[in-house]
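The structure appears below as structure tokens.
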Amino acid sequence: VSRLRDGLGRSSNKLGGGIGSIFTKRKLDDEALEELEELLIASDLGVSTSAKLASGLRKERFTKEAGPEEVRGALAEDVAEILSPVAHPLEVKAAAKPHIVLVVGVNGSGKTTTIGKLGKQYADQGYKVQFAAGDTFRAAAVEQLQVWGERTGCPVTAKETGADAAGLAYDAVAKAQKDGADLLLIDTAGRLHNKSNLMAELQKVVRVIQKLAPDAPQDVVLVLDATTGQNALSQVETFKQLVNVTGLVVTKLDGSARGGVLVALAEKYGLPVHAIGVGETAEDLRPFSARAFGRSLMG
Ligand code: GDP
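Numbering (the UniProt record's numbering), first residue to last: 180 to 478.
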């Protein structure tokens, strides 16, 4: 929690400090609530969620005076309530051997890094984990995943740059099945500027995986960069059109004043949030705790 708190420092300073200046020795009147609503919107919680949170305060609580501590505490609780239905770690199903996770998202969102971190986490728990360097378009992505493979001891299936991503995925599934792996994490390209090509590629990857493993992929995890703020919402919209997104990982919450976007995502899409990224090293993937996040966000 302390690292998360550090990580969310900027979000919570902004929000917590803002709440502090709105509610210092002041009645919780319409004007104060309006200012609060604006602050929540500016903190990326989304227009409808912000309105709901502000009006929740008006209706239920504080008919007289409220200090910043009470307002922060109440909002932290309300935010935790919104977030708790989506806080779900990625569950490796024993029946699927391997459990296959397709990891999607725009370039730079943190896909490859998240795969490395997830691999480390599950390998530490005793699972046999393998990686597939499915972002065959970018040489750097393939190399980067190979580095993560060495770092975590997870075998990596990779091919030369430009190789067919679906062929690579097929080989990776065959190898994971042969080796009796528990978990296979497949990286993908994120070239959103050519949406129809990306859709064709992702759909082909899924089709090919299903030739060997009809129930796969068990999860399609969309990785979102929190620093993009409201743009994260349109990325969900886009990727839902391309593939059957089953869950999210939100990264870069360490360097970001935009942790609030998680609340907007939860409210709008209700997709499980499997983990959050708070840095670049293997240890910097955190379970997503609704309560801890609500508290950190409000400072
Ligand atoms: P990809 O293109 O989606 O595979 O993205 P990468 O995994 O290559 O990540 C892009 C950059 O973001 C790299 O420099 C990563 O080290 C960095 N990165 C990924 N996750 C996080 C995070 O949670 N926090 C921070 N600060 N950086 C991150």
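A virtual CB, placed ideally from N, CA and C, is assigned to each residue, including glycine.
Using only the heavy atoms of ligand 1, determine whether one of them is closer than 6 Å to the beta carbon of residue i.
i	result
residue 497	Because the chain is modelled from 180 through 478, residue 497 falls outside the range shown and cannot be assessed.
Thr-417	no
Glu-459	yes
Gly-426	no
Asp-433	yes
Thr-315	no
Thr-407	no
Lys-231	no
Lys-338	no
Thr-430	yes
Gly-298	no
Thr-367	no
Gly-289	yes
Met-331	Note that residue 331 is Thr in the sequence shown, not Met. Thr-331 Cβ: outside cutoff for every heavy atom of ligand 1.
Gly-346	no
Gly-456	yes
Thr-228	no
In the DSSP assignment, find the beta strand (DSSP E) that holds residue i and state where it starts and stops.
i	result
Val-399	398-404
Val-428	426-430
Phe-418	Counting along the chain, Phe-418 falls outside any beta strand (DSSP E), though it belongs to the alpha helix (DSSP H) covering 410-421.
Gly-456	452-456
Ala-461	Neither: Ala-461 is in no beta strand (DSSP E) and is coded neither H nor E.
Lys-311	The amino acid at residue 311 is misidentified as Lys; the sequence shows Ala. 308-311 is the extent of the beta strand (DSSP E) around Ala-311.
If we call anything under 7 Å between Cβ atoms a contact, is residue i one with residue j?
i	j	result
Ala-461	Lys-299	yes
Ile-261	Glu-446	yes
Leu-464	Lys-296	yes
Met-477	Leu-194	yes
Thr-291	Leu-324	yes
Val-422	Leu-391	no
Asp-208	Gly-408	no
Val-428	Val-400	yes
Gly-289	Val-402	yes
Ala-411	Val-442	no
Going by beta carbon distance, what residues of the same chain come within less than 7 Å of residue i, once the five residues before and after it are set aside?
i	result
Val-285	Gly-369, Leu-371 and Gln-414
Pro-396	Ile-279, Val-280, Leu-281, Val-385 and Ile-388
Lys-383	Ala-345
Ser-468	Ala-266
Asp-350	Thr-336
Gly-235	Asp-257
Gly-246	Phe-202
Val-226	Ile-220
Would you please verify whether the beta carbon of residue i is less than 7 Å from any beta carbon of chain B?
i	result
Ser-375	Absent from the structure is chain B; it holds one protein chain and no more.
What is the residue span of the alpha helix (DSSP H) that residue i lies within?
i	result
Thr-331	318-331
Phe-472	469-477
Gly-252	247-262
Val-285	Neither: Val-285 is in no alpha helix (DSSP H) and is coded neither H nor E.
Leu-377	374-391
Asp-343	Element bounds for Asp-343: n/a, residue is neither H nor E.
Leu-363	Segment 362-366 is the beta strand (DSSP E) holding Leu-363; no alpha helix (DSSP H) there.
Val-440	440-448
Leu-269	Taken as a continuous stretch (DSSP letters only), Leu-269 belongs to no alpha helix (DSSP H), as it is neither H nor E.
residue 504	What the structure shows of the chain is the stretch from 180 to 478, and residue 504 is not part of that stretch, so it cannot be assessed.
Give me, in chain order, the residues of the same chain whose beta-carbon lies closer than 8 Å to that of residue i; leave out the 5 immediate sequence neighbours on both sides.
i	result
Tyr-301	Val-271, Val-308, Asp-361 and Leu-362
Asp-343	Thr-315
Thr-340	Thr-315, Phe-316, Arg-317, Ala-318 and Val-321
Gly-449	Pro-264 and Val-265
Leu-212	Ala-233, Ser-234, Leu-236 and Arg-237
Short of 6 Å in beta carbon distance, which residues of its chain neighbour residue i, apart from the five on each side in sequence? Order them along the chain.
i	result
Glu-380	Ala-344
Val-180	Per-residue confidence for Val-180 stands at a pLDDT of 45, beneath the threshold of 50, marking its modelled position as unreliable; no derived number is given.
Gly-313	Ala-344, Leu-347, Ala-348, Ile-365, Asp-366 and Thr-367
Pro-334	Gln-309
Glu-214	Ile-201
Gly-473	Ala-255, Val-258 and Ala-259
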